[in-house]
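> Okay, handing you the structure first.
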Amino acid sequence: MLFSDLQKQINESKIEEKACEEKERSLLFKRDHLDKLESELKKQTIRTEKKESEYQLIINYLKQERNKLEITVAELKKKLLTSPETVSEVIRLKEIVKSKDIEINRAREHYRELLKRMKSSLLNLEKRHRKTQEKLEASIIL
155 MLFSDLQKQI NESKIEEKAC EEKERSLLFK RDHLDKLESE LKKQTIRTEK
205 KESEYQLIIN YLKQERNKLE ITVAELKKKL LTSPETVSEV IRLKEIVKSK
255 DIEINRAREH YRELLKRMKS SLLNLEKRHR KTQEKLEASI IL
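Residue numbers (the working numbering): 155 to 296.
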């Protein structure tokens, strides 16, 4: 009787040990998966920050170009006031100014759209980051 009780306890211990080993393997697998997710999240964050920096450089360049064009327009207007050219020259200059304004507005709209997409990407990245953190916390709790 004592021997059979001991045998049962040994069998139960082995079953518990196997269950613990399975749970440990499962947790290790989850941990590896979460580590990979965290690593990917960091890479995406770095890429997003790099893109944001590039966009900012482009925006600054466009601002400088706009300022140069505005100065050119001001100089042309001043030139027109001080020594008017022929009517055709005035019309040509107005067309240049108009086309440059259109070009600037298109560039502004383009970069507004890029910024909007970047912000959307950042929001998605933050959501993924939160989900990853929640998964990590949930797996740690398990």
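The C-beta atom is built at its ideal place from N, Cα and C for all residues, glycine as well.
1) I'd like to know if the segment 190-210 and the segment 279-293 are in contact, where contact means that at least 3 CB-CB pairs between them fall below 8 Å.
2) Rounded to whole angstroms, how far is the Cβ of leucine 223 from the Cβ of isoleucine 200, which I believe are closer than 8 Å?
3) Does the segment 260-271 come into contact with the segment 169-183, if we say contact requires no fewer than three beta-carbon pairs (one atom in each stretch) closer than 8 Å?
4) If we count Cβ pairs, one from each stretch, closer than 8 Å, do we get three or more for the segment 226-234 versus the segment 284-293?
Looking at the coordinates:
1) yes
2) By 1-based counting over the sequence shown, the position of residue 223 is 69. By 1-based counting over the sequence shown, the position of residue 200 is 46. The pair is not a contact, with the Cβ atoms about 35 Å apart (cut-off 8 Å).
3) no
4) no
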